[in-house]
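>
2 protein chains.
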Amino acid sequence: MSKPDLLIHTAFELFYKHGIHAVGINRILSETGVAKKTLYHHFSSKDALVEAVLVYRDQIFTDWLTSRMMQAGEGNAAILALFDALDDWFHDKVAELLPFKGCFFVKANGEFSDHAVNTICQKHKQNLTTFIQANVPRRSAELAQSISLLKEGAIAQAYVAGDLEAAKRAKLMAASLLA
Amino acid sequence: MSKPDLLIHTAFELFYKHGIHAVGINRILSETGVAKKTLYHHFSSKDALVEAVLVYRDQIFTDWLTSRMMQAGEGNAAILALFDALDDWFHDKVAELLPFKGCFFVKANGEFSDHAVNTICQKHKQNLTTFIQANVPRRSAELAQSISLLKEGAIAQAYVAGDLEAAKRAKLMAASLLA
DNA sequence: ACACAAGTAGACCAATCTGTCTATTCTAAA
DNA sequence: TTTAGAATAGACAGATTGGTCTACTTGTGT
Chain D
2 MSKPDLLIHT
12 AFELFYKHGI
22 HAVGINRILS
32 ETGVAKKTLY
42 HHFSSKDALV
52 EAVLVYRDQI
62 FTDWLTSRMM
72 QAGEGNAAIL
82 ALFDALDDWF
92 HDKVAELLPF
102 KGCFFVKANG
112 EFSDHAVNTI
122 CQKHKQNLTT
132 FIQANVPRRS
142 AELAQSISLL
152 KEGAIAQAYV
162 AGDLEAAKRA
172 KLMAASLLA
Chain R
2 MSKPDLLIHT
12 AFELFYKHGI
22 HAVGINRILS
32 ETGVAKKTLY
42 HHFSSKDALV
52 EAVLVYRDQI
62 FTDWLTSRMM
72 QAGEGNAAIL
82 ALFDALDDWF
92 HDKVAELLPF
102 KGCFFVKANG
112 EFSDHAVNTI
122 CQKHKQNLTT
132 FIQANVPRRS
142 AELAQSISLL
152 KEGAIAQAYV
162 AGDLEAAKRA
172 KLMAASLLA
């Protein structure tokens, strides 16, 4: 793995677990064994690394979720598959997403205000809602927002309250919404 | 206002807006005009202050939400009132909660792991779910979890995606759930 | 063989972090 | 009026922060 990739990968693990402000550059360096000069050769600042980590996670997560949805077909089947995918995630059955610790974008967004991070997080959510919209009856924007709401609710409920069955509940509500 | 209350109140404002790790003790001190010695006279550490802030917000928020619910009656009426209350919150019509910036407990929880903060946040959510359960048909725990999920989803969606009408959507889904 | 980019270790910097401490003043109750 | 607790300003300590820099060693493509 190239040094930049290694830094991004390790930084994500640490940020996801402990929070972004709680993890210093020196910790990322010592965990990776990479020299400080090398980090600043590839990233102009910690902020730049943070943004690269968000882009990295966005790609991994979006690719995983959309492929799980498309794999199940189109339309309602894809929407229902979304919640099956979440259920697998909550129960740590998705190796590529790492052990479930909530939504990285929600967490990252909460640590900043009026910052590039907020824009990236908002865009990530918007992209997913757009993808959902393409699979919803009448391509209704309203319906897509409601499905997104159920998705966010399931993630938050699973993480903060420890309700690992939240995705199953959300799926039932989604099904009744689509009917 | 007593010094401890002033510290807690100001710390909450700063933590809520910028995140907990992003706000240092010195900033809280300079914004309040309180001396450092005084802070450490009342709170043994920053962690102790953080916990006091969480307890403070828990009280404000829970009192507000439960009174809004009870004010509307009992049972289904109370549940529907919950979403009306959220709608007011999102649109900054509730002065005592300060300008809406998402759920403080979700944000705080995301900044720590294996920490007293996580326990407090989880307990806060549990207490609200218990209150919801008392107003749900058959006092069903399942149903209460689903309502909580809708509540969390609405807050996350309103904050991260900027969908200020999320509470209205959640209310519709809740109504169909209660029918 | 040569050149150039990518890597190394780690000293160093200024700023900031939490937390301690001294020395002094204010305030309210006994 | 005395006395104790709560408050003040701010110097100080030690650790850590993000970031720079020098001097040196790799590895790769031409």
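Top to bottom, those sequences are chains D and R. Numbering of the first sequence is given in this note's numbering, commencing with residue 2 and proceeding in unit increments. Numbering of the second sequence is given in this note's numbering, commencing with residue 2 and proceeding in unit increments. Where a beta carbon is used, it is the ideal one built from N, C-alpha and C, also for glycine. As the structure is a prediction and not an experimental result, all values here were calculated from the model.
Thinking C-beta only, is R:Q146 closer than 7 Å to D:D88?
Within the first sequence, residue 88 of chain D is the residue found at index 87, counting from 1. Within the second sequence, residue 146 of chain R is the residue found at index 145, counting from 1. No, they are not a contact pair.
> Would you say D:A159 faces chain R, with C-beta separation under 7 Å as the test?
Here residue 159 of chain D corresponds to residue number 158 of the first sequence, with the count starting at 1. Closer than 7 Å: no.
> Between the beta-carbon of D:I121 and the beta-carbon of D:A53, is there less than 7 Å?
Walking along the first sequence from the start, residue 121 of chain D turns up at place 120. Walking along the first sequence from the start, residue 53 of chain D turns up at place 52. For D:I121 and D:A53, no; Cβs fall outside 7 Å.
> Starting from R:F101 and walking both ways along the alpha helix (DSSP H), at which residues does that stretch end?
Counting from 1 along the second sequence, the entry for residue 101 of chain R is found at position 100. Unbroken run through R:F101: none, as it is neither H nor E.
> Along the chain, where does the alpha helix (DSSP H) that runs through R:E112 open and close?
Translated into the one-based positions of the second sequence, residue 112 of chain R becomes position 111. Counting along the chain, R:E112 falls outside any alpha helix (DSSP H), and DSSP gives it neither H nor E.
> Flag D:E153 as yes if its beta-carbon sits less than 7 Å from any beta-carbon of chain R, otherwise no.
Position 152 of the first sequence, counted from the start, is the residue given in the question as residue 153 of chain D. D:E153 counts as touching chain R.
> Please report the straight-line C-alpha distance between D:G111 and R:D85, rounded to a whole angstrom.
If you number the first sequence from 1, residue 111 of chain D lands on position 110. If you number the second sequence from 1, residue 85 of chain R lands on position 84. Taking the straight line from one Cα to the other gives about 24 Å.
> Find the residues of chain D that neighbour R:H1, judging by a C-beta separation of less than 9 Å, and give them in chain order.
This structure cannot settle anything about residue 1 of chain R, because the visible part of chain R is limited to 2 through 180.
> So D:L40 and D:I26 are supposed to be a Cβ contact under 8 Å. How far apart are they, rounded?
In the first sequence, counting from the first residue as 1, residue 40 of chain D sits at position 39. In the first sequence, counting from the first residue as 1, residue 26 of chain D sits at position 25. Indeed they touch by this definition, with Cβ atoms about 7 Å apart.
> Given a threshold of 16 other Cβ atoms within 10 Å of its Cβ, counted over all protein chains shown, does R:H125 qualify as buried or as exposed?
Here residue 125 of chain R is taken as the residue at index 124 of the second sequence, counted from 1. It is buried - the Cβ of R:H125 has at least 16 other Cβ atoms within 10 Å.
> Beta-carbon within less than 6 Å of D:F105's beta-carbon, same chain only, minus the 5 sequence neighbours each way: which residues are those?
Translated into positions along the first sequence, residue 105 of chain D becomes position 104. Within the same chain, D:F105 has close Cβ partners Y17, R58.
> Which of the three DSSP states is assigned to R:S147 in this structure?
As a working mapping, residue 147 of chain R is identified with position 146 in the second sequence. Note: R:S147 maps to helix in three-state DSSP.
> Quick test of your reading: R:M174 and R:L151, contact by CB under 8 Å. State the CB separation rounded to the nearest angstrom.
Taking the second sequence and counting its residues from 1, the one referred to as residue 174 of chain R is at position 173. Taking the second sequence and counting its residues from 1, the one referred to as residue 151 of chain R is at position 150. The pair is a contact, with the Cβ atoms about 6 Å apart (cut-off 8 Å).
> Determine, for R:L87, whether the minimum Cβ-Cβ distance to residues of chain D falls below 7 Å.
As a first step, residue 87 of chain R is located in the second sequence; it is residue number 86 there, counting from the start. No, R:L87 does not count as interfacial toward chain D.
> Roughly how many whole angstroms lie between the Cα atoms of R:V24 and D:S114?
Position 23 of the second sequence, counted from the start, is the residue given in the question as residue 24 of chain R. Position 113 of the first sequence, counted from the start, is the residue given in the question as residue 114 of chain D. Roughly 12 Å between the two C-alpha positions.
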